[in-house]
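Top to bottom, those sequences are chains A and B. When we follow the working numbering, the leftmost residue of the first sequence carries the number 6, and every step to the right adds one. When we follow the working numbering, the leftmost residue of the second sequence carries the number 11, and every step to the right adds one. Backbone N, C-alpha and C fix where the C-beta goes; we use that ideal spot for every residue, glycine too.
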Amino acid sequence: MRVRFTVNGQQHVVDDVWPGESLLYVLRERCGLPGSKNACEQGECGSCTVYLDGRTVCACLVAAGQADGRVVGTVEGLAAGERLHPVQEAFVEAGAVQCGFCTPGLIVQAHDLLENASGSPTDAEIREALAGNLCRCTGYEKIIEAVRRAAEARAHDAPTAEREAP
Amino acid sequence: MDFLRPVTWAEALEVKAERPDARPIAGGTDLMVELNFGTTRPTALLDLTRIDELADWERAGERLRIGAGVSYARVVGELGDLLPGLAIAARTVGSPQIRNRGTIGGNLGSASPAGDAHPPLLASDATVEVESVRGVRVLPIDGFFRRPKVNALAPDELIRAVRVDRASGPQQFAKIGTRNAMVIAVCSFALALYPAGRRVGAGVGSAAPTPVRARAAEEFLSGALDWAGGGPVDEEVGRRFGALVAAAASPIDDVRGTAGYRRHALAVMARRTLAWAWHDYREAGTACA
Ligand SMILES: Cc1cc2nc3c(=O)[nH]c(=O)nc-3n(C[C@H](O)[C@H](O)[C@H](O)COP(=O)(O)OP(=O)(O)OC[C@H]3O[C@@H](n4cnc5c(N)ncnc54)[C@H](O)[C@@H]3O)c2cc1C
Ligand code: FES
Ligand code: FES
């Protein structure tokens, strides 16, 4: 089966896809994009989180054929060349990365939270947004802190007009 | 394995008639787990995510028709006022990623006794609209669940939508699990009040081979509440209601909990949801007065 889709702005055409294959497998094994991690293959850990038509999903639970003609965004698409995305920067600075296995999924999910949140999310909102992403190393505190930092950085960088509006 | 991708509902029904062996796939949050672990190998997958009308809901007066492909995220975002019970339940499903993808139709398709959409749909008298090239059937939801993970669909049928009236009174849902997210219910309970008809609906999840309605509990409570005066619920009424809800279940011991715990928890949830819903009912009464 042939699957054609856009990943991080680039058109991909993939042949010989087995119809029961997941989007995660196609990204990692056929598109050379191993950023999204494969841990549980049952939607429990969130390490495979990607954007599918603008919404975050577990790539392990999307059938490859369902992504045909759709727009996918992975963690590889967030940095601008060598410059990390502010969310990635915040994870590094806050010490939110230990073994790093959970990091790509958390970065994508945190990115989604900050793109869609108006103002800075509360800790409860951050925990709720990241409830489907498991980390075995950090104990989560540094991850929450990283998201807080990224939110602050974003507020700081927002256009002046927006910030000063009553 | 074939991958079939109809783009219209009519085409999907034709494909299903020709290939009754094809497994429908919507959000994939149940089916992909089975595929990833090799526990199922259907001869074909029938992708329903390209059929736009399936992923939408519509309203005609008090009647709602929720397409099978409507995700939990959309129920939470769009139906909170119209169907608060279902929306509260949807909010407890999995994680944001699962709610973005998982659908009401998929929940009914899997027909797990623990499916979180089922108790609120039972409590709110929903019907399930199923269709094949032979025609449409509208099934009352309490006849839809046949056995654990088996529903009333014929091999050539697909679930088109859920039909349900918008809430005419307070609705509540409660679920027991080990954490706040990513939890298959140990047991769950949904309550709906119908002030105009002076009756209640009660749905029980994860405590019997299928989701069930607690009929005796409904009848008892409908007659025992002070609808006209809006007076407080007598403690004994709450206890009796809880006991009748627990009696409607036929739970088992499993890894998530014992039968005894489930009965106990159901009675507690029934009392609590009643207290919350009755509070809302009285508030609404004073607001109008
Ligand atoms: C990590 C995780 C957490 C979860 N947490 C919860 C939870 O808290 N509560 C809960 O209730 N569930 C939970 N689930 C289960 C699952 O998300 C739900 O059952 C969901 O509603 C399934 O919908 P779907 O669209 O993804 O179904 P799919 O996986 O696409 O399909 C499920 C079944 O329904 C059939 N089907 C789908 N659509 C139709 C249709 N229109 N007509 C006929 N048959 C159809 C399919 O053939 C399949 O048998 C969880 C799953 C995961 C992976
Ligand atoms: S690998 Fe997809 S959620 Fe764990
Ligand atoms: S850093 Fe190791 S799993 Fe999160």
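Could you name each continuous alpha helix (DSSP H) segment of 4 residues or more that falls completely within the segment 210-274 of chain B, going from the start of the chain to the end? 225-234, 245-258
Chain B beta carbons: is any one of them nearer than 8 Å to that of C140/A? As a first step, residue 140/A must be located in the first sequence, where it is residue number 135. No, because no Cβ of chain B sits closer than 8 Å to the Cβ of C140/A.
Just list the residues that DSSP pairs K26/B with in beta bridges. For the purposes of this step, residue 26/B is taken as residue 16 along the second sequence, with counting starting at 1. None, per the DSSP bridge assignment.
Anticipated Cβ contact below 8 Å, I148/A with L139/A, distance rounded: On the first sequence, residue 148/A is found 143 positions in, with the first residue counted as 1. On the first sequence, residue 139/A is found 134 positions in, with the first residue counted as 1. About 11 Å; that fails the 8 Å criterion.
Based on the DSSP secondary-structure assignment, which residues constitute the bridge partners of Q16/A? Residue numbering aside, residue 16/A sits at position 11 when the first sequence is read from its first letter. T11/A, per the DSSP bridge assignment.
Going residue by residue through the segment 122-147 of chain B, where are the continuous alpha helix (DSSP H) segments of at least 4 residues, counting only ones entirely within it? 128-133
Nearer than 7 Å: is that true of the beta carbon of C53/A relative to any heavy atom of ligand 3? One-based indexing of the first sequence puts residue 53/A at position 48. Result no, Cβ not under 7 Å from ligand 3.
Give the single residue among R154/A, T54/A, V8/A whose Cα lies nearest to the Cα of G70/A. In the first sequence, the residue the question calls residue 70/A occupies position 65. Comparing Cα-Cα distances from G70/A to each of R154/A, T54/A, V8/A, the minimum goes to V8/A.
Per DSSP, what kind of secondary structure is F183/B in: helix, strand or coil? Looking up residue 183/B in the second sequence gives position 173. Residue state, collapsed to three classes: strand.
In the DSSP assignment, find the unbroken beta strand (DSSP E) run with V173/B in it and report its ends. Counting from 1 along the second sequence, the entry for residue 173/B is found at position 163. As written in the sequence, residue 173/B is Arg, which differs from the Val given in the question. First-last of the beta strand (DSSP E) with R173/B: 168-175.
Measure the alpha-carbon distance for T61/A versus V76/A and round it to whole angstroms. Within the first sequence, numbered from 1, the residue matching residue 61/A stands at position 56. Within the first sequence, numbered from 1, the residue matching residue 76/A stands at position 71. If I take the Cα positions, the gap works out to 12 Å.
Contact list for L179/A against chain B, beta-carbon separation under 7 Å: Here chain A covers residues 6 to 171 and nothing more, so residue 179/A does not appear.
Interface residues of chain A around A127/B at Cβ under 8 Å? For this step, residue 127/B is matched to residue 117 along the second sequence. Listed along chain A is no residue with a C-beta nearer than 8 Å to that of A127/B; the closest approach is about 17 Å.
Take the Cβ of N117/B as the centre, count every other Cβ of all protein chains shown within 10 Å, and call the residue buried at 16 or more, exposed below. Within the second sequence, residue 117/B is the residue found at index 107, counting from 1. Burial call: buried.
Inter-residue Cα distance where the pair is V146/B and L163/B: For the purposes of this step, residue 146/B is identified with residue 136 of the second sequence, where counting begins at 1. For the purposes of this step, residue 163/B is identified with residue 153 of the second sequence, where counting begins at 1. Rounded to whole angstroms, V146/B to L163/B spans 11 Å at the Cα level.
Anything in the segment 67-79 of chain A with a Cβ closer than 7 Å to a Cβ of chain B? List those residues in chain order, please. V67, A68, G70, Q71
Using a Cβ cut-off of 9 Å, pull out every chain A residue sitting near N117/B, in sequence order please. Position 107 of the second sequence, counting from 1, holds the residue named residue 117/B. None at all; the shortest Cβ gap to chain A is about 14 Å.
Suppose you measure from the CA of R15/B to the CA of L56/B; what does that come to, to the nearest Å? Position 5 of the second sequence, counting from 1, holds the residue named residue 15/B. Position 46 of the second sequence, counting from 1, holds the residue named residue 56/B. For R15/B and L56/B, the distance between alpha carbons rounds to 6 Å.
Let me check understanding here. Comparing Cα to Cα, which of R281/B, A27/B, L254/B lies closest to R144/B? As a first step, residue 144/B must be located in the second sequence, where it is residue number 134. Of the candidates R281/B, A27/B, L254/B, the one whose C-alpha sits nearest the C-alpha of R144/B is A27/B.
List, in order along the chain, the chain B residues whose C-beta lies closer than 8 Å to that of Q47/A? Taking the first residue of the first sequence as 1, we reach residue 47/A at position 42. In chain order: V43, N46, F47.
Can you tell me whether N138/A sits near ligand 1, meaning its C-beta is under 7 Å from at least one heavy atom of the ligand? Counted from its first residue, the first sequence places residue 138/A at position 133. Checking every heavy atom of ligand 1 against the Cβ of N138/A, none is found closer than 7 Å.
Same chain, Cβ closer than 7 Å to E169/A, neighbours up to 5 away in sequence not counted: As a first step, residue 169/A must be located in the first sequence, where it is residue number 164. The predicted position of E169/A is uncertain, since its pLDDT is 44 and thus under 50; a value taken from the coordinates is nonetheless stated next. Within the same chain, E169/A has no close Cβ partners at all.
Beta carbon of G48/A: closer than 7 Å to some heavy atom of ligand 2? Numbered from 1 along the first sequence, position 43 holds the residue referred to as residue 48/A. G48/A: yes, Cβ under 7 Å from ligand 2.
Which residue marks the beginning of the alpha helix (DSSP H) containing P106/B, and which one marks its end? Here residue 106/B corresponds to residue number 96 of the second sequence, with the count starting at 1. Taken as a continuous stretch (DSSP letters only), the alpha helix (DSSP H) holding P106/B covers 106-111.
Test: T61/A CB closer than 8 Å to a CB of chain B: Translated into positions along the first sequence, residue 61/A becomes position 56. Yes, because at least one Cβ of chain B sits closer than 8 Å to the Cβ of T61/A.
Check whether the Cβ of T102/B sits closer than 7 Å to any heavy atom of ligand 1, and report yes or no. The count along the second sequence starts at 1 and reaches residue 102/B at position 92. Under cutoff, so the answer is yes.
Span separating the alpha-carbon of T165/A from that of A158/A: As a first step, residue 165/A must be located in the first sequence, where it is residue number 160. As a first step, residue 158/A must be located in the first sequence, where it is residue number 153. Because T165/A carries a pLDDT of 49, less than 50, the predicted location of this residue cannot be relied on, and the following value inherits that uncertainty. Between T165/A and A158/A, the alpha-carbon positions lie close to 14 Å from each other.
Examine ligand 3 and report whether any of its heavy atoms sits within less than 7 Å of the Cβ of V102/A. Position 97 of the first sequence holds residue 102/A. For ligand 3, at least one heavy atom lies less than 7 Å from the Cβ of V102/A.
DSSP-derived helix/strand/coil call for I61/B: Along the second sequence, read from residue 1 onward, the residue named residue 61/B stands at position 51. In the structure shown, I61/B adopts coil according to DSSP, grouped into three states.
Would you say the segment 62-80 of chain B touches the segment 163-176 of chain B, given that touching needs at least three Cβ pairs under 8 Å? yes
What residues of chain B sit near T236/A, judged by a beta carbon separation below 7 Å? There is simply no residue 236/A to check, as chain A begins at 6 and stops at 171 in what is shown.
Is the CB-CB distance between A133/B and L201/B below 8 Å? Here residue 133/B corresponds to residue number 123 of the second sequence, with the count starting at 1. Here residue 201/B corresponds to residue number 191 of the second sequence, with the count starting at 1. Their beta carbons are under 8 Å apart, which means A133/B touches L201/B by this criterion.
For R132/A, verify whether its CB is less than 7 Å away from any heavy atom of ligand 3. On the first sequence, position 127 is the one that residue 132/A refers to. Checking the Cβ of R132/A against ligand 3 gives no.
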